[in-house]
Amino acid sequence: MTRVRRKVAVVLAVTAVLAVSACSSGTSTTPAKSGAGNTKDVEVFTWWAAGGEKAGLDGMISVFNKTCSQYTFVNAAVAGGGGDKAKTLLANNLKAGNAPSSFQAHAGGELSDYIANGQVEDITAVFKAAGLDTAFPKELLDQITVAGKVYSVPADIHRANMVWVNPVVLKKAKLDPAKAPATVKDWIADLAKLKAAGVATPLALSKGFAEEMLLESTLLGDLGVEKFNGLYDGSTKWDGADVTAALGDFKALVSYSNADRETMDWDAAMSKYLMPTDPATATGGYQLMGDWVPAQLVSLKMPESSYMYWPAPGTDGVYQWLSDSFTLPKGGTNPEGAKCWLKVVGSAEGQKAFNLVKGSIPARSDATSEGYPKYQQWAMAQWKASKLAPSLAHGSAGPGAWNNDVQTAMSAFSANPDVATLQTTLVAAAGKYSNWRKTLG
Ligand code: BGC
């Protein structure tokens, strides 16, 4: 297999830096759910509150209701793409000793925060009892294991480096929507053509994690996978001339996006610019977003023929992966019920019910593509054949505190797109956090 096998097992001897929670700012906590305290309730915390994300969660819940019928599912989802609001609330709740029965965490760096803070239980026994120790690819097991102890159950694999295309809009500039530009520079040239053809928003963009995804895919496309991966283990310097050039390209990409990007989440930008109710009236040509998009478009009843997709320019053959997983929090409500939930999350049936409608592919290695929509069938083949790169925006590449620093830099850049200032901030963030893997076993 040609994959870059990134050994990013989660840290055991974690540094104080890693112990900084992903969401240390803010003090609000979610109120205890009305059912909390009822021994039957299994309170599950996610950010899958609407659209395709809720549909995926509902699929998993339907299997839970059957398999764990002695328990009652309590949905503690908090809306906000990428978990921006949810992760802050969760951090505060965990600090306040108000843990749910189980919560969503990305495998990799993000999970390491919770392990470092002593907020999640070792679930190796649950894992083994459910026969999960042989169910997942080794690369993924490495992301949830510390010194032989497992800390979460992966539900899915998503891909971050994807561009979604409105073919009707692209045709206005005589661009072939099925053909991805080969490089980031070629993409910028196509964006210029769209603008010249009178397209108002060549690139639909939204705040926070979406800007960070665009930044990461530009770096990945310009630097190539090996150098990109090196940004997260210290072997590629963030102050290099190649990074400066990529940041220049990022600036050019952002210049073709909607001015109101800081006011909206990814799904709102999609509905406003790329895929309005009638996609033929769209004013947006492209949107870079993870592959939760097809599920969202299904939930909006958009036919598959209304959009196209390809890996972000320059990143073909690379799967920038992330994985949603579920934990057993220390001091959480109803640990026995939570274990039943974790078994469902890891089961073939649970993963199928979830992934079929979430846009992601099953984390289990024994899953087949039978019955999946066209996008996921393609994604499963890509996952097997591609090199791997992690995502900081979605927790696989590094700790939450690093992600927070980059997201802060994104909103500053959006207001004042100065490449030198951005690079200085990125260098400083990497200086604080890029050592995190060196302490790994
Ligand atoms: C999660 C996905 C989710 C996306 C948008 C990502 O961080 O891994 O499951 O669909 O955020 O909210």
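Residue numbers (the numbering used here): 1 to 441. Beta carbons: idealized from backbone N, C-alpha and C, even for Gly. Computed from a prediction, not measured in an experiment: that's the story for all the values here.
Beta-carbon separation (whole angstroms), residue i vs residue j, contact threshold 8 Å
| i | j | result |
| --- | --- | --- |
| L194 | G108 | About 35 Å; that fails the 8 Å criterion. |
| S386 | A160 | Rounded, the Cβ-Cβ distance is 12 Å, inconsistent with contact. |
| V74 | V42 | 6 Å |
| L215 | D242 | 14 Å between Cβ atoms; not a contact. |
| Q120 | P329 | Here the sequence assigns Val to residue 120, which means Gln is not the residue at that position. Between P329 and V120 the Cβ distance is about 6 Å, and since that is below 8 Å, they are a contact. |
| S101 | A338 | 4 Å |
| G290 | H394 | 7 Å |
| L80 | W47 | One detail in the question is off: residue 80 reads as Gly in this sequence, not Leu. Right, their Cβ atoms sit about 6 Å apart. |
| A442 | N258 | A question about residue 442 goes unanswered here, because the residues of the chain that appear run from 1 up to 441. |
| K40 | T72 | 5 Å |
| V150 | I115 | Going by Cβ atoms, the distance from V150 to I115 rounds to 11 Å, so no, they are not a contact pair. |
| I144 | L90 | Not a contact, Cβ separation roughly 18 Å. |
Residue i versus residue j: straight-line alpha-carbon distance, rounded
| i | j | result |
| --- | --- | --- |
| F45 | G431 | 32 Å |
| T333 | S206 | 35 Å |
| G82 | E139 | 22 Å |
| S325 | G198 | 43 Å |
| W383 | P276 | 30 Å |
| Y433 | G230 | 13 Å |
| H158 | L220 | 17 Å |
| F127 | V344 | 11 Å |
| T88 | L94 | 10 Å |
| S271 | M380 | 27 Å |
| E53 | V427 | 34 Å |
| K174 | A280 | 15 Å |
| Y232 | I188 | 26 Å |
| Q296 | W321 | 19 Å |
| G56 | N117 | 29 Å |
| Q376 | G317 | 16 Å |
| D176 | K85 | 38 Å |
| S69 | G51 | 26 Å |
| K179 | V168 | 14 Å |
| T244 | Y307 | 33 Å |
| G208 | N38 | 37 Å |
| G131 | V225 | 34 Å |
| S323 | W164 | 20 Å |
| A429 | F228 | 16 Å |
| S235 | M162 | 26 Å |
| T124 | A282 | 49 Å |
| C340 | T218 | 41 Å |
| M213 | K352 | 27 Å |
| S21 | D142 | Model confidence at S21 stands at a pLDDT of 30, short of 50, so the residue's coordinates are unreliable and nothing is read from them. |
| A367 | P417 | 44 Å |
| D405 | P373 | 37 Å |
| Q104 | T327 | 7 Å |
| G371 | P294 | 15 Å |
| Y256 | G359 | 27 Å |
| M60 | Y273 | 31 Å |
| E349 | L288 | 31 Å |
| T408 | A129 | 42 Å |
| Y309 | E336 | 42 Å |
| D266 | A192 | In the sequence as displayed, the identity of residue 266 is Trp instead of Asp. C-alpha separation (whole angstroms): 23 Å. |
| L356 | W292 | 11 Å |
| Q423 | W238 | 7 Å |
| S396 | R261 | 25 Å |
| F354 | D58 | 7 Å |
| G331 | A204 | 42 Å |
| D113 | E211 | 23 Å |
Beta-bridge pairing of residue i - partner residues as DSSP gives them
| i | result |
| --- | --- |
| A105 | S325 |
| R364 | Note: R364 sits in no beta bridge, so no partner. |
| M162 | P311 |
| N75 | V44 |
| L288 | V163 |
| S257 | L203 |
| P390 | W321 |
| I144 | None; I144 has no bridge partner. |
| K149 | V146 |
| I157 | I361 |
| N120 | For clarity, residue 120 is Val in the given sequence; the question names Asn instead. For V120, which the question treats as bridged, DSSP gives the partners P329. |
>> Closer than 8 Å is the cut-off here; do at least three beta carbon pairs connect the segment 175-191 with the segment 302-317?
In response: yes
>> So, does the segment 287-305 touch the segment 126-143, judging by three or more C-beta pairs under 8 Å?
In response: no
>> Under 8 Å: do the segment 349-364 and the segment 140-156 share three or more Cβ pairs, one atom per stretch?
In response: yes
>> Under 8 Å: do the segment 247-256 and the segment 410-424 share three or more Cβ pairs, one atom per stretch?
In response: yes
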